[in-house]
Amino acid sequence: MATTAFVGLPKRMLTATIDGREVQAPEGTTILEACRRLAIDTPTLCYLETLTPVNVCRACVVEVEGSRVLVPACSRKLEAG
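Just remember that the numbering used here sits 1 ahead of the position in the sequence shown, which is counted from 1.
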């Protein structure tokens, strides 16, 4: 019996601006991951790359244009713009 392996489609690249600097990252990238691509130091206490974000420490909150509240960079997905 043959099995078929499905390879995911390439993710769409997003372009965003963080602190006046442009970054390109695949769709699904978090703001924290994008900040790290730009070498922007963003503090974290509860974030580990191998675990799902737990959003408890709130040390990584950032301001997102158009948002009424600060958002955790470790779990918020990057948006184009």
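Every residue gets a Cβ at the ideal spot worked out from N, C-alpha and C, and that includes glycine.
Name the DSSP bridge partner or partners of residue i?
i: E23; result: T18
i: T30; result: In the DSSP output, where bridge partners are listed per residue, T30 has none listed.
i: P44; result: Answer by DSSP bridge pairing: none, since P44 is not bridged.
i: K78; result: T31
If contacts are defined as beta-carbon pairs under 8 Å, then residue i and residue j qualify, I think. What distance do you get, rounded to the angstrom?
i: T45; j: L33; result: 7 Å
i: I19; j: C36; result: 6 Å
Starting from the C-beta of residue i, find all residues in its chain whose C-beta is less than 7 Å away, skip the five residues before and the five after it, and write them out in chain order.
i: R59; result: P73
i: E28; result: K12, R13, L15
i: E64; result: L71
i: I41; result: I19, D20
Given residue i, which residues of its chain have a CB within under 8 Å of its CB, disregarding the five upstream and five downstream residues?
i: A26; result: M14, L15, A17, E34, A35, R38, L79
i: E66; result: G82
i: E23; result: T16, A17
Near residue i, which residues of its chain fall below 6 Å by C-beta distance, leaving aside the five closest residues on each side in sequence?
i: I77; result: Residue identity differs from the one stated: residue 77 is Arg in this sequence, not Ile. So the list reads I32, once near-sequence residues are dropped.
i: V55; result: C47
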